[in-house]
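Numbering (mature numbering (1 follows the signal peptide of the UniProt record, and there is no 0)) for the sequence shown: -25 to -1, 1 to 152.
Each residue gets a CB set at the ideal place from its N, CA and C atoms; glycine is no exception.
Just so it is clear, the structure is predicted and the values come from calculations on it, not from any experiment.
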Amino acid sequence: MRARSVLFALAVAAATVLAPAAAHAEPATTVIGPEPWQPWFQRNWEAADGLYCDFPLGHEVVSQDIRSRVVERYPDGTKKIEEYEGPLMSEFVNRDTGKRFLVDAGGRGFSEYRPDGTEARFVMIGPVGTGFRDGDLDLPRGYYLFDGFHVVAFAPDGTRSLPVDLGPEHNVCEDLD
């Protein structure tokens, strides 16, 4: 439990670094602090043969109680930082063989968005899942379940990298091969 507390403190510190202080006093109408939590739903999805694994990969939600909230917005009102947390149990499926692998992916994460709405970084305290494709940096192609504290960075061209890797990661493709 102490490790999770340390990881949570690291995530809060990372979110603070991602959210620079305002250079001037905010008007009285500006909302200070995170917005209220809202329900958020992970959808089922399919990844084509070769995107993450050597076979078509399916993701099926078994149970979830995820919530999200906007932590910070840009001056125009678009989301800058969004937080996610809550239990998520999912099955990954090799669509060629039908083999299934049940995972707990109910960690916590922070998405940082660019002003154009594209994702710049995803800060996570696992277990949380994310895919890496051919051409991405730091990890071979695969769909990974990350535990511990990790940051995935998204370049403007879509390339993913793993600049912070503090904990184990497991490629679920290996369980389904």
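{"query": "Could you check which residue in Val127, Pro102, Asp122 has the C-alpha nearest to that of Leu112?", "result": "Val127"}
{"query": "Check this for me: beta carbons of Gly123 and Gly101, under 8 Å apart or not?", "result": "yes"}
{"query": "How long is the line joining the alpha carbons of Gly33 and Pro9, rounded to whole angstroms?", "result": "34 Å"}
{"query": "In whole angstroms, give me the CA-to-CA distance for Tyr118 and Asp29.", "result": "11 Å"}
{"query": "What separation, rounded to the nearest whole angstrom, lies between the Cα atoms of Gly106 and Tyr27?", "result": "6 Å"}
{"query": "What beta strand (DSSP E) runs, 3 residues minimum, are completely inside the segment 71 to 102?", "result": "75 to 79, 83 to 88, 94 to 100"}
{"query": "Would you mind working out which of Ser43, Ser65, Glu94, Ala95 sits nearest Asn19, comparing C-alpha positions?", "result": "Ser65"}
{"query": "Going by DSSP, what residues sit across from Tyr49 in a beta bridge?", "result": "BP columns for Tyr49 are empty, so no partner."}
{"query": "Three-state secondary structure (DSSP) at Asp29?", "result": "coil"}
{"query": "Can you check DSSP and say which residues form a bridge with Leu151?", "result": "Partner(s): none; Leu151 has no beta bridge."}
{"query": "Taking all protein chains shown into account, decide if Val22 is buried (16 or more other Cβ within 10 angstroms of its Cβ) or exposed.", "result": "In the sequence on display, residue 22 carries Ala and not Val. Buried."}
{"query": "Out of Ala130, Phe85, Gly52, Pro115, state which residue places its alpha-carbon closest to the alpha-carbon of residue 182.", "result": "The structure shown does not extend to residue 182, since the chain is modelled only from -25 to 152, so the question has no answer here."}
{"query": "Do Pro90 and Tyr49 have their C-beta atoms within less than 8 Å of each other?", "result": "yes"}
{"query": "What are the boundary residues of the beta strand (DSSP E) that Phe67 is part of?", "result": "63 to 69"}
{"query": "Phe85 and Ile56: beta carbons closer than 8 Å?", "result": "yes"}
{"query": "Give me the Cα-Cα distance between Ser38 and Pro62, rounded to the nearest whole angstrom.", "result": "8 Å"}
{"query": "In or out: Glu1 buried (at least 16 other Cβ within 10 Å) or exposed?", "result": "Any reading at Glu1 is ruled out, since the residue's pLDDT is 46, under 50, leaving its predicted position unreliable."}
{"query": "Comparing alpha-carbon positions, which option in Gly92, Ser43, Cys148 lies nearest Lys54?", "result": "Gly92"}
{"query": "For Ile41, which option in Gly52, Gly81, Met99 has the closest C-alpha, if you only look at C-alpha atoms?", "result": "Gly81"}
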